[in-house]
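The opening residue of the first sequence carries number 1 in UniProt numbering; numbering runs sequentially from there. In this text, a Cβ means the ideal position worked out from N, Cα and C, and glycines have one as well. First the structure, in the form of structure tokens, and then the observations on it.
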Amino acid sequence: MTGRTAEGEVALVDLGPDGSRGAPQVVEPSGLLAAVAHREAHAAELGSAPPRWVWSDAPAWYPGLLASGTRVQRCHDLRLVHTVLRHSQLVQDKVAAEIRAAEQWDVPVHPGTEQQSVGATLFDMDGGSPTRGGVPQRIEAALEEFDRQQRAIDGSKDPARLRLLVAAESAGALIAVELQAAGIPWDVAEHDRILTADLGPRPRPGHTPALMVEVAAQVREALGDPMLSLDSPVKLLRALHRAGIDVRSTSRWELAEHQHPAIQPLLRYKKMARLLTANGWAWMDEWVHEGRYRPVYVPGGVVTGRWASSGGGALQIPRQLRPALRADPGWRLVSADVSQLEPRVLAAMAGDRAMARAGAGTDLYAGIVAAGVVATRQEAKVGVLGALYGGTAGDSGRIVPRLRRTFPDAMRLVDQAAETGERGGTVSTLLGRSSPPPDPAWTSAQLHSHRPEAGTAEQDRARRSARDRGRFTRNFVVQGTAAEWALSWMAALRLALASFDEVPLDQAAHASGPVFSRRAHLAFFLHDEVIVHAPASQADAAARAIRESADAAGRLLFPGSPVDFPLDLVITERSSAK
DNA sequence: ACACGGAGCGCG
DNA sequence: AAAGCGCGCTCCGTGT
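In structure tokens:
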């Protein structure tokens, strides 16, 4: 853990090798790095379970350790765990109230994380405590919170599940820091080639790339408006109307339905503008250094438990730029993504035998077609997405009832989650992460709409917002449990990779910067996809580890379930767009 | 000068 | 009308 007391000490709590409670050993500041390194090495030598370090939060402490070459195998992240426990319905009321009362730990996203540079160490923070946005800095406060959390978990309705969640969430905290430190191997020359091919050569600062200028001129010509600003939706919409194109918005899907000489160049311009502003040369200059793109990952950044990211849009890298992801010389990218993770998670959670059978191949949607529910894969996909998201209109509204007959257990699970949400209730993932309670304004609007004097407009609005919330809770249980599966997958994979031998120094992964790793390591994560950067000699072993970890995650979360989690896995030098 | 919401689009 | 979930980022336009 954590920060400085008034006297200026820094301390870390070592939970003990078996993860059980014992007297926590508080590590003194002067020996912090040495103590962590020593305990970790000691456990490795003995082959015993590694210690679990308890700290305020990983981004405050781990980058410094990592920069000094010290890795931590396990931790308990007080801040992340606090967030889980303060909402979890598994926690008994009395302790939950205590947790909720400790508001100083309720810091949703770590402010300052963006500024956390990889090279910063624990000891750089002169002049008092690190400014870690409100997370308590005193060791006593951390020990108290740790004690509360342990009591909340031990006395909960399902300690075993909550412990899994806490371990997975904390492992995610370590992985996020390690991913940032490792960075994504990024080939700026390839990135520049893609930009140049699509936009024209890099323009002088403040100028528009040549191809964009050309295409914009085509649009203005076709619309007969030589001064039109294409970047203002309002002005563009007016110009479209003047040209007789009857659209309600300027969005791509709607434009595509019209025939007019302006449409094709406009769609092309939008695509170009997006690439330039979101991932153009400016992005490259800001985010890629020494051959690595280092985004900030935010574990638990989404209410469902998914990760968010901050800085550079790590989770939104366009597939168009995937070829810029390139392994170091002599290294490989081992990329794997799970086929239809969310529906599989639903099938396993619900114990839906028929849906498990449909997913027995590698393509669950094909399995649904084979089961005779729908005629085409596209229909299967639209139907399943409608089931997960609460679709009622169009094709999905037509197909979902059929899925309800064929997969009654799976559909009952999501339908009940939706119903609970509509009533203002709380739903939980498999491991016990619970949805936030409704906004007080939401609740009061629902109550008011039931008064006899409520108008129909008020009733409609209330019903609509009830259904909105129902769709949220419907999706919450699946998206959140899928996130738990993915964390378990990565946690297992991370430990497996850590046991790989180191390759000789001259083969290490370092791009043009400092050596980061001498063995296969995680380099990217995106909800249901991982990329491992591995020495060529370890690529096959890494691929096996990825598959074995996926199997392990399935067994851990769904023991005895027939549902499997097949991967699409490729070993390449350069990531390719799908 | 800055904050903020909406539009639009990238990802799953 | 992108039908139906969750995000981040950039831009514009408005409000202060």
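The shortest CA-to-CA distance from Leu-80 to any of Met-490, Gly-311, Ile-99 is the one to Ile-99.
The DSSP assignment places complete alpha helix (DSSP H) segments of no fewer than 4 residues inside the region 16-81 at 32-46, 58-67, in order along the chain. Around the beta carbon of Asp-439, fewer than 16 other beta carbons lie within 10 angstroms, which makes this residue exposed. Nearest to Trp-61 by C-alpha distance, out of Lys-270, His-258, Gly-224, Leu-32, is Leu-32.
Separation of the CB atoms of Leu-267 and Arg-252 is rounded to 6 Å, and the pair is thereby assigned contact status at 8 Å.
Assignment of Val-515 by DSSP, reduced to helix, strand and coil, places it in the coil class.
Using a C-beta cut-off of 8 Å, the region 489-496 makes contact with the region 545-554, since at least three inter-stretch Cβ pairs fall below that distance.
DSSP places Phe-472 in the uninterrupted alpha helix (DSSP H) bounded by 456-498.
The C-alpha of Gln-316 lies about 10 Å from the C-alpha of Asn-279. Counting other Cβ atoms within 10 Å of its Cβ, Ala-34 stays below 16 and is therefore classed as exposed. In this structure, the CA atom of Phe-558 is about 36 Å from the CA atom of Gln-320. In terms of Cα proximity to Asp-147, the closest of Ala-173, Ala-96, Ala-168 is Ala-96. Going by DSSP, Arg-268 is part of the alpha helix (DSSP H) stretching over 263-279. A Cβ-Cβ distance of about 5 Å is found for the pair Pro-299 and Ala-173, placing them in contact under the 8 Å criterion. Looking at Ser-488, Leu-430, Ala-498, Trp-442, the one whose alpha-carbon comes closest to that of Val-477 is Leu-430. A direct Cα-Cα distance of roughly 8 Å separates Arg-555 from Ser-561. DSSP places Ser-309 in the strand class (E or B) of the three-state scheme.
With distances taken between CA atoms, Gly-425 lies nearest to Arg-467 out of Leu-179, Arg-467, Ala-308. The continuous stretches of beta strand (DSSP E) do not include Ser-396, which lies in the alpha helix (DSSP H) extending over residues 394-406.
9 Å or more divides the Cβ of Leu-90 from the Cβ of Asp-57. In the three-state reduction of the DSSP assignment, Ala-314 falls in the helix class.
Annotation: Pro-504 to Arg-39 spans about 25 Å, alpha carbon to alpha carbon. Per DSSP, Glu-573 has no beta bridge partner at all. Nearest to Val-532 by C-alpha distance, out of Leu-179, Ala-41, Thr-392, is Leu-179. In this structure, DSSP gives Pro-295 a state outside helix and strand, which the three-state scheme calls coil. The Cβ-Cβ distance between Ala-314 and Tyr-297 falls below 9 Å.
Inclusion of Ala-152 and Gln-92 in the CB contact set at 9 Å is warranted, their separation being smaller than that value. Closest in C-alpha terms to Ile-139, from the list Gln-25, Val-570, Glu-484, Leu-388, comes Gln-25. Counting C-beta pairs with one atom in each stretch, the region 181-195 and the region 326-335 have three or more that are closer than 8 Å, which means they touch. A check of alpha carbon separations from Arg-433 across Ser-48, Ala-216, Lys-157 identifies Lys-157 as the nearest.
Note on His-521: 16 or more other CB atoms within 10 angstroms of its CB, so buried under the neighbour-count rule. Met-284 sits buried, since 16 or more C-beta atoms from the chains shown fall within 10 Å of its C-beta. The closest CA to that of Ala-216, considering only Ala-262, Arg-202, Ala-256, is found on Ala-262. Excluding sequence positions up to five before and after Phe-407, its CB lies within less than 7 Å of the CB of Asp-352, Ala-354, Met-355, all in the same chain and listed in chain order. Judged by DSSP secondary structure, Glu-529 falls outside any alpha helix (DSSP H) and instead within the beta strand (DSSP E) spanning 529-535. When C-alpha distances from Ala-171 are compared across Ala-509, Leu-487, Ala-366, Val-400, the shortest belongs to Leu-487.
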